[in-house]
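Q: Structure provided below as structure tokens; questions to follow.
Residue numbers (the working numbering): 204 to 495.
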């Protein structure tokens, strides 16, 4: 089926108390593993793309790959731009056929974040594309952005409310609630009460960033509290590399590249299946498609 918008799927998922997995693709093989893993579980899926991945492969190539994969499956697939503060990149994604984009102005003071996000919001809304926005500083490393976990700034509830009131058509909202990008160095301290209050007062589907390394219980509590989109990047990259290394260790004489590509694919697809099942997305394709 054609690529679908993210917003209605996420609202349906939030109401039904499950989350849609959002995986950061690396290349065509990675995108194939993401879509195929979700297809095997009859689950909706979000293929995310980082700015550095776009700079490597180009807007049109990535859009072509994901549109082709979506066209070969019955499940709903959204194509989403992850953390970005460059309006030119956002416009390029919109022009190439992305169904949602993220503007990340979280490094700026509240008023500047809102003003800059509004520019992206207007671009996206005029094109019929969904927008994700962020408040607070999510710890860890994402692309070239680094925030020390002990310096991560939790989102303020009153600012979240006024931000969402100013931008009421956001597809999904990403407040900092204590999670971190990359691998955790200690026990994540998630502000569940703050998350629940933000959802109660804004009604927005919430994006959970920094999903790699959380326990199943932590995922479930976040999802039940209103997180409808859960991002997985670090673990997917690790499976991409481990798929190659593991085959090399088992078969050091292997000289053909295709077995390595297939090993990477299988490792990444296993990760997709694991996360989709954990987030409750199995068997939800039809209801998500109906919402979209």
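C-beta: ideal position from N, C-alpha, C; glycine also. Remember, predicted model here, so these are calculated numbers, not experimental data.
Around the C-beta of residue 371, are 16 or more other C-beta atoms found within 10 angstroms, so that it is buried, or is it exposed?
A: Here residue 371 is taken as the residue at index 168 of the chain shown, counted from 1. Result: exposed.
Q: Could you name the residues that DSSP lists as bridge partners for residue 338?
A: The residue you call residue 338 lines up with position 135 of the chain shown. Bridge partners of residue 338: 378.
Q: Please go through the same chain and pick out, in chain order, the residues whose beta-carbon is closer than 6 angstroms to the beta-carbon of residue 494, but skip the five residues on each side of it.
A: As a first step, residue 494 must be located in the chain shown, where it is residue number 291. Hits under 6 angstroms: 211, 212 and 215.
Q: Considering only C-alpha positions, which residue in the set 363, 399 and 451 is nearest to residue 314?
A: The residue you call residue 314 lines up with position 111 of the chain shown. Nearest of 363, 399 and 451 to residue 314, Cα basis: 363.
Q: Going by DSSP, which residues form a beta bridge with residue 428?
A: Taking the first residue of the chain shown as 1, we reach residue 428 at position 225. Answer is none; residue 428 lacks a bridge partner.
Q: To which residues of the same chain is residue 391 closer than 8 angstroms at the C-beta, ignoring the five residues directly before and after it?
A: Sequence index remark: in the chain shown, residue 391 carries index 188 (1-based). So the qualifying residues of the chain are 381, 382, 383, 413, 416, 417 and 421.
Q: Measure how close the beta-carbons of residue 218 and residue 248 come, nearest whole angstrom, since I'm counting them as under 8 angstroms.
A: Residue 218 sits at position 15 when you count from the first residue of the chain shown. Residue 248 sits at position 45 when you count from the first residue of the chain shown. That belief does not hold up - the Cβ atoms of residue 218 and residue 248 are roughly 19 angstroms apart, past 8 angstroms.
Q: Provide the residue span of the beta strand (DSSP E) that contains residue 311, from first to last.
A: Taking the first residue of the chain shown as position 1, residue 311 is located at position 108. From DSSP, residue 311 is part of no beta strand (DSSP E); its letter is neither H nor E.
Q: Is residue 254 closer than 7 angstroms to residue 228 when the C-beta atoms are compared?
A: One-based indexing of the chain shown puts residue 228 at position 25. One-based indexing of the chain shown puts residue 254 at position 51. No, the Cβ-Cβ distance between residue 228 and residue 254 is not below 7 angstroms.
Q: In whole angstroms, what is the alpha-carbon distance linking residue 331 and residue 337?
A: Taking the first residue of the chain shown as position 1, residue 331 is located at position 128. Taking the first residue of the chain shown as position 1, residue 337 is located at position 134. Whole-angstrom Cα-Cα distance: 20 angstroms.
Q: Below 7 angstroms between beta carbons: does that hold for residue 409 and residue 427?
A: Numbered from 1 along the chain shown, position 206 holds the residue referred to as residue 409. Numbered from 1 along the chain shown, position 224 holds the residue referred to as residue 427. Their beta carbons are not under 7 angstroms apart, which means residue 409 does not touch residue 427 by this criterion.
Q: Does the beta-carbon of residue 474 have 16 or more other beta-carbons within 10 angstroms, so that it is buried, or is it exposed?
A: Counting from 1 along the chain shown, the entry for residue 474 is found at position 271. That one is buried.
Q: If you draw a straight line from the C-alpha of residue 489 to the C-alpha of residue 207, how long is it?
A: Position 286 of the chain shown, counted from the start, is the residue given in the question as residue 489. Position 4 of the chain shown, counted from the start, is the residue given in the question as residue 207. About 13 angstroms.
Q: Excluding sequence positions up to five away, which residues of its chain have a Cβ less than 6 angstroms from the Cβ of residue 316?
A: As a first step, residue 316 must be located in the chain shown, where it is residue number 113. 308, listed in sequence order.
Q: What separation, rounded to the nearest whole angstrom, lies between the Cα atoms of residue 275 and residue 283?
A: As a position in the chain shown, residue 275 is number 72, starting the count at 1. As a position in the chain shown, residue 283 is number 80, starting the count at 1. If you take the alpha carbons of residue 275 and residue 283, they lie about 19 angstroms apart.
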